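Per this note's numbering, the sequence shown runs over residues 346 to 672.
All residues carry an ideal CB built from backbone N, CA and C; glycine is no exception.
This one's a predicted model, so the numbers in the text were calculated from it and none came from an experiment.
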Amino acid sequence: MKLEENVCEALLSSDDKALFKEAWEITRARHGNAFTFYLPGMVRYGNVRGRYPAVSITGDKCLLQCEHCRGKLLAPMLKADRPDTFKKVGVELGRKGAQGLLLTGGSDYDGRLPWEQFFSAIKEVNKKTGLYLSAHTGFSDLASCVELRKAGVRQGLLDVMGDDQTAASVYHLEGLKPVLQGLEAIKESGMELVPHVVAGLQYGRIAAEKKALEIIRSFDPDALVIVVLTPLKETPMAGVSYPDPMEIGRLIAVARTMMPDVPISLGCERPRNRDGWLMEKLAIRAGANRMAVWSEPAIAEARRLGLKPRFQTTCCSVQFREEFSFD
Numbered sequence: 346m347k348l349e350e351n352v353c354e355a356l357l358s359s360d361d362k363a364l365f366k367e368a369w370e371i372t373r374a375r376h377g378n379a380f381t382f383y384l385p386g387m388v389r390y391g392n393v394r395g396r397y398p399a400v401s402i403t404g405d406k407c408l409l410q411c412e413h414c415r416g417k418l419l420a421p422m423l424k425a426d427r428p429d430t431f432k433k434v435g436v437e438l439g440r441k442g443a444q445g446l447l448l449t450g451g452s453d454y455d456g457r458l459p460w461e462q463f464f465s466a467i468k469e470v471n472k473k474t475g476l477y478l479s480a481h482t483g484f485s486d487l488a489s490c491v492e493l494r495k496a497g498v499r500q501g502l503l504d505v506m507g508d509d510q511t512a513a514s515v516y517h518l519e520g521l522k523p524v525l526q527g528l529e530a531i532k533e534s535g536m537e538l539v540p541h542v543v544a545g546l547q548y549g550r551i552a553a554e555k556k557a558l559e560i561i562r563s564f565d566p567d568a569l570v571i572v573v574l575t576p577l578k579e580t581p582m583a584g585v586s587y588p589d590p591m592e593i594g595r596l597i598a599v600a601r602t603m604m605p606d607v608p609i610s611l612g613c614e615r616p617r618n619r620d621g622w623l624m625e626k627l628a629i630r631a632g633a634n635r636m637a638v639w640s641e642p643a644i645a646e647a648r649r650l651g652l653k654p655r656f657q658t659t660c661c662s663v664q665f666r667e668e669f670s671f672d
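Laid out in structure tokens, this is it:
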């Protein structure tokens, strides 16, 4: 166990140690010693399966074709690209014991999803099942976000970049304007705002992520999720290297010092190897208080540091609720 501790300690410069210490102390003072581990989607861990499936309202279709995804992330999701199909899928998932749904899909050329076709279907599923609903809204407008909230969607999730170059070259947007409008729309709609930062969007390099955090802070988010670029086959980023684990740790520590009261999660997209395990340990030290799809070394690290692990079968955007938890 001492050897495991030394691995992390050896990576920290004196400046890093000061930053991580500050982030750790802020987290304990503002969020206590509980650390929530999440099993999202329908991911299986031992005998437990996630109960928060992702449903794509566009099937496999995405016109935006971002450089890091090209629609590949839609492939494993449940498909419901018609309102009647969505109603059937949603009600059936509720019947089978789902706790909630993550509504998502591919975007059009402006970064928007066809939500207007699904408002009544979402509302009906919500009424019949009471499922906790989150949505990757895309870069939506206020009217659509208001209707999503009326239909029963509780959370709006949105990727946030830090500069016009990344928004244009990676997401194929007209700069940051659609991103800022999307953040404002979610916030004003009454949905919880849970922005996501994809670390390494500049072909594996950390570039404007701190600026993205500054933008997010200005919108007073309800939670923050940091995920790590995962190079996907058949995309322009297939051959790139993800950021170094220490860079991820620093990014989380900076986020914590910038947003002391905001729950911070290391999200589900990240390497599933030794580097990923190290990212998890550093994230715990750096002030995260949530983590999706954990490893055994992460649980051991949390306990070693005096934290109290708890477990929930939802997306990591969802606040801990006893009815969603498991032992």
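For lysine 522, the three-state secondary structure derived from DSSP is helix. Alanine 443 carries a coil assignment under DSSP once its states are collapsed to helix, strand and coil.
Counting only the Cα atoms, alanine 530 lies some 6 Å from cysteine 490.
Residue Asp567 holds the alpha-carbon nearest to the alpha-carbon of arginine 499 among Val352, Asp567, Ile371, Ile597. Contact check between the region 640-649 and the region 590-601: fewer than three CB pairs, one atom from each, fall below 8 Å, which does not count as touching. Secondary structure of phenylalanine 669 (DSSP, three-state): helix. Apart from the 5 residues on each side of it in sequence, tryptophan 369 sits with its Cβ closer than 8 Å to the Cβ of Arg630, Ala631, Gly632 in its chain, given in chain order. The Cβ atoms of valine 572 and glutamate 554 lie no closer than 8 Å to each other. By the Cβ neighbour-count rule, alanine 557 is buried, with 16 or more other Cβ atoms within 10 Å of its own. Annotation for arginine 635: the continuous beta strand (DSSP E) segment containing it runs 635-637.
Rounded to the nearest whole angstrom, the CA to CA distance from arginine 615 to phenylalanine 380 is 19 Å.
Cβ-Cβ separation between threonine 580 and arginine 415: approximately 5 Å, consistent with a contact (criterion under 8 Å).
Taking all protein chains shown into account, alanine 512 has 16 or more neighbouring C-beta atoms within 10 Å of its C-beta and is therefore buried. Annotated three-state conformation of glutamate 461 is helix, per DSSP. In the DSSP assignment, glutamate 559 falls within the unbroken alpha helix (DSSP H) covering 554-562.
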